[in-house]
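Using the working numbering, read the sequence shown as starting at 371 and increasing by one per residue.
All C-beta atoms in this analysis are idealised placements derived from N, C-alpha and C, irrespective of residue type, glycine included.
What you are looking at is a predicted structure, and each value in this text was computed from that prediction instead of being measured.
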Amino acid sequence: MRSRVTGVGELGVGIGWRSEIDLTVERMPGIDFVEVVAENIHHDSLPESLRVLLDRGVPVLPHAVSLSLGGADPVDGARLDHLAAVTDALGAPMASDHVCFVRAGGLDSGHLMPVPRTRDALDVLTANVKTAQAALGVPLALENIAALLRWPDEELTEAQFLSELVERTGCMLLVDVANMWANGRNLGQDPADLLDGLPLDRIAYVHVAGGVERDGVYHDTHAHPVPPGVLDVLRELCSRVRPPGVLLERDDLYPTDAALLAELDAIRGVLAATA
């Protein structure tokens, strides 16, 4: 029997706000919420189109990419303060980042790197998440990432790792079905197995995005159309739980407004068919 997420308000269908498509997002019909990359805005000078959306009552959720919660170093206080200030300025009901690290040994990878699924790594991640939660004052959702490699000597499956993280911190999950599909293509991980093992009642919302295959490797680019397979994973998720919200991400090679609307309509179609 399909369950329903509890403890999270209904968000609906949304799209990632980017400065390149700010007016498109502002004028697009049927947008229930938006997400903004937290590092791209400042709390005391919000972009005008975000203010328009907020005045309209559209929730704007900050999504961070640089906390490096899975890194061995302590969380950068300045980055955490920035996320907290942006969250407050937006009046956002939650904030999010990723289950990853982006810095190590004083170097920045410029990419979301997978955390080794070991108990030691889980201890570090848990401590950093608790630090972030204490600073934010709103629920923190953490996103599963796409990866091109697996660390050796894994002690936990991804589902076990994420489930223990939720149990130990009380965090929410930002479930990215596109990342699940990418890992299925590149690493042989079955998205259905991951969905079966996750605490789906802790979903904050869901990401959908596109990518492209090159030389036998699928790249989660957020710059190409959403493949049918990603919508299949969304459908699989919706057969198990009704997610509070589903958001389309697009970060580059922006298509026409009509193309974006068509992808949003495809998401709505999956939600309607599984209602």
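Next on the checklist: I'd like the list of long-range same chain contacts for R356, defined as Cβ closer than 6 Å, with 5 residues on each side in sequence excluded.
Outcome noted: Lying before the first or after the last residue shown, residue 356 is absent from the chain, which here runs from 371 to 645.
Next on the checklist: Pull the bridge partners of L512 from the DSSP assignment, please.
Outcome noted: As a working mapping, residue 512 is identified with position 142 in the sequence shown. For L512, which the question treats as bridged, DSSP gives the partners D467 and L543.
Checklist entry - What are the boundary residues of the beta strand (DSSP E) that P432 is part of? => result The count along the sequence shown starts at 1 and reaches residue 432 at position 62. Here the beta strand (DSSP E) through P432 covers V430 to H433.
Next on the checklist: Check for me: the beta strand (DSSP E) holding G384 runs from which residue to which?
Outcome noted: Here residue 384 corresponds to residue number 14 of the sequence shown, with the count starting at 1. Element bounds for G384: G382 to W387.
Checklist entry - Residues bridged to I573 by DSSP? => result Locating residue 573 in the sequence shown gives position 203, counting from the first residue. L543, per the DSSP bridge assignment.
Item to check | Distance CB(E405)-CB(V435) smaller than 8 Å | outcome: Locating residue 405 in the sequence shown gives position 35, where the first residue counts as 1. Locating residue 435 in the sequence shown gives position 65, where the first residue counts as 1. No, these two residues do not count as a Cβ contact at 8 Å.
Item to check | Closest residue to R388 among G427, P432 and E380 (Cα-Cα distance) | outcome: The sequence position of residue 388 within the sequence shown is 18, counting from 1. Taking only the C-alpha atoms, the option nearest R388 is P432.
Next on the checklist: Rounding to the nearest angstrom, what Cα-Cα distance links V428 and A442 in this structure?
Outcome noted: To locate residue 428, count along the sequence shown from 1; it is residue 58. To locate residue 442, count along the sequence shown from 1; it is residue 72. Approximately 37 Å, taken between the alpha carbons.
Item to check | Three-state class that DSSP yields for T376 in the structure shown | outcome: Taking the sequence shown and counting its residues from 1, the one referred to as residue 376 is at position 6. Model confidence at T376 stands at a pLDDT of 48, short of 50, so the residue's coordinates are unreliable; what they give is reported in the following sentence. In the structure shown, T376 sits in coil (DSSP, three-state: anything other than H, G, I, E or B).
Checklist entry - Rounded to the nearest angstrom, how far is the Cβ of D523 from that of T488, given a contact under 8 Å? => result On the sequence shown, residue 523 is found 153 positions in, with the first residue counted as 1. On the sequence shown, residue 488 is found 118 positions in, with the first residue counted as 1. At roughly 7 Å, the Cβ-Cβ gap stays under 8 Å, so D523 and T488 are in contact.
Item to check | Run of the beta strand (DSSP E) containing E418, from where it starts to where it stops | outcome: Walking along the sequence shown from the start, residue 418 turns up at place 48. Here E418 belongs to no beta strand (DSSP E); instead the alpha helix (DSSP H) covers E418 to D425.
Checklist entry - Is G447 helix, strand or coil by DSSP? => result Here the question's residue 447 lines up with position 77 in the sequence shown. G447: helix per DSSP, three-state reduction.
Checklist entry - Counting pairs of Cβ atoms below 8 Å between the segment 607-621 and the segment 583-595, do you hit three or more? => result yes
Checklist entry - I think V547 touches V576, with their Cβ atoms under 8 Å apart; what is that distance to the nearest whole Å? => result Translated into the one-based positions of the sequence shown, residue 547 becomes position 177. Translated into the one-based positions of the sequence shown, residue 576 becomes position 206. Indeed they touch by this definition, with Cβ atoms about 6 Å apart.
Item to check | Where G567 sits in the DSSP three-state scheme | outcome: In the sequence shown, residue 567 corresponds to position 197, counting from 1. DSSP places G567 in helix when its eight states are reduced to three.
Checklist entry - By Cβ distance below 6 Å, which residues in the same chain neighbour A455 in space, the five residues on each side in sequence not counted? => result Within the sequence shown, the letter at position 85 stands for residue 455. For A455, where only same-chain residues beyond five positions count, the Cβ hits under 6 Å are H413.
Next on the checklist: Whole angstroms are fine: how far does the CA of A474 sit from the CA of Q559?
Outcome noted: Within the sequence shown, numbered from 1, the residue matching residue 559 stands at position 189. Within the sequence shown, numbered from 1, the residue matching residue 474 stands at position 104. Distance between the alpha carbons of Q559 and A474 is about 27 Å.
Next on the checklist: According to DSSP, is L630 part of a helix, a strand, or is it coil?
Outcome noted: As a working note, residue 630 is residue 260 in the sequence shown. Here L630 sits in helix by DSSP.
Next on the checklist: The beta strand (DSSP E) that contains G615, what's its start and end?
Outcome noted: In the sequence shown, counting from the first residue as 1, residue 615 sits at position 245. First-last of the beta strand (DSSP E) with G615: G615 to L618.
Checklist entry - Leaving out five residues before and five after M550 in sequence, what residues of the same chain have Cβ atoms less than 8 Å from its Cβ? => result The count along the sequence shown starts at 1 and reaches residue 550 at position 180. Excluding sequence neighbours, M550 sits near N514, Q559, P561, L564, L565 and V603.
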